[in-house]
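Encoded as structure tokens, the structure appears first; notes follow it.
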Amino acid sequence: MRALTEADIRASFVNADADELRVMEMPLDLVLIDWDYLDFFAWRDPSAGRRGYVLTQHDGQISGVVLRVSDPGRGRSGMCNICHTMQPGNQVALFSARRAGEAGVRGDSVGTYICADLSCHENVRLAHPLAPNEVRAPGQVDFRLDGTRRRMEGFVERVRQQA
């Protein structure tokens, strides 16, 4: 992703109203972020535990989405629909986002299961342990990174659609 300022971030949200933008808190480490390393940027609001944010870049355009989170599951393990990693049940949660435009005003929303701490970007970079005689295929991590980026961009695009 290209480097973003706080003003760039606030201006990029497609489903936020003026009040949501006013109370939005930036991540505490915003000035330390290595933007070249990111495929997308996601964080939980430090002051509002049930809110999160995702920024994606597609064709040079940044799109931001405000997320609402449900309580994570308690028992069974679950799979994040973005990074496709299995997590304990309390580390995967249903995130929903109000659609952009008139559809959002009517109350339409989309949702998906995502890592509760929005750490998909880091989780997909962790190498899975190999069996004693197993060899890691070249490009395997790159394939996972591309899939994670595409799925997050697809989720944001579903929010942007006003149908």
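Mapping to our numbering: the sequence shown position 60 is 1358, numbers consecutive. All C-beta atoms, glycine included, are put in the ideal place defined by N, C-alpha and C.
query	result
Alpha carbon to alpha carbon, what distance is there between Arg1404 and Val1364?	17 Å
Please state the DSSP three-state secondary structure of Val1454.	helix
Taking 9 Å as the cut-off, decide whether the C-beta atoms of Arg1308 and Met1322 are in contact.	yes
According to DSSP, simplified to helix, strand and coil, what is Arg1366?	strand
Could you check if Val1367 is buried or exposed, using at least 16 other CB atoms within 10 Å of its CB as the buried criterion?	buried
When the Cα atoms are used, what is the spatial distance from Tyr1351 to Pro1386?	22 Å
In the DSSP assignment, find the beta strand (DSSP E) that holds Gly1409 and state where it starts and stops.	Ser1407 to Cys1413
Can you give me the start and stop residues for the beta strand (DSSP E) that His1382 sits inside?	Unbroken run through His1382: none, as it is neither H nor E.
Identify whether Ile1360 lies in helix, strand or coil by the three-state DSSP scheme.	strand
Tell me whether the beta-carbon of Asn1379 lies closer than 9 Å to the beta-carbon of Ile1412.	yes
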